[in-house]
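In what follows, a structure is listed as structure tokens, so that the remarks can point back to it.
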Amino acid sequence: MVSFLPIRGSVHRFVGAFDDPALGAASSFNYWLLAVTFLCLETNALTSVLLFWVDESHVAMLNILIPCLCLFLYFVLNIWDARRFGEAEYWVGLLTIITAVGLLVIANPHGDSFGFRY
1 MVSFLPIRGS
11 VHRFVGAFDD
21 PALGAASSFN
31 YWLLAVTFLC
41 LETNALTSVL
51 LFWVDESHVA
61 MLNILIPCLC
71 LFLYFVLNIW
81 DARRFGEAEY
91 WVGLLTIITA
101 VGLLVIANPH
111 GDSFGFRY
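The sequence shown runs contiguously to residue 118 in full-length UniProt numbering.
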């Protein structure tokens, strides 16, 4: 489709050009709704995971601070150009792998290493 009709824009423009403009608008709205839903889901999941390590006295403050910091970081990552965004994605992915391996092999917050237990 790109070779046949090189237009500027995302895949939603192709839906509007090849099928129906209303379907292109609906596709665009569905993509926006998905992005907003996952933004809320990821912010909630990050807050839940980070509050697992905190004692009860700091929970009220961190319930406000963590989502605000998460939304700020999402904003900063999305206003960068593609080169910086790709570099940030690489380092975040590497940090995710290191964290997962570290929690499985070394120890979890309870001091119990459960990565190789059967």
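Backbone N, C-alpha and C fix where the C-beta goes; we use that ideal spot for every residue, glycine too.
- C-alpha of V101 to C-alpha of I66: approximately 24 Å in a straight line.
- Contact between the segment 43-51 and the segment 9-25 is not established, with fewer than three Cβ pairs separated by less than 8 Å.
- Between the C-alpha atoms of A17 and M1 there is a straight-line separation of about 10 Å.
- If you draw a straight line from the Cα of P6 to the Cα of I106, it comes to about 51 Å.
- Look at the UniProt domain "Amino acid permease/ SLC12A" (1-107) and you find these whole runs of alpha helix (DSSP H), each 4 residues long or longer: 11-18, 21-51, 59-79 and 82-105.
- The Cβ atoms of V59 and L50 do not sit closer than 8 Å to each other.
- Take the alpha-carbon of F75 and the one of Y90: they are about 17 Å apart.
- The alpha-carbon of A35 is positioned some 23 Å away from that of D20.
- Between F85 and L77, the C-beta gap is smaller than 8 Å, which places the two residues in contact.
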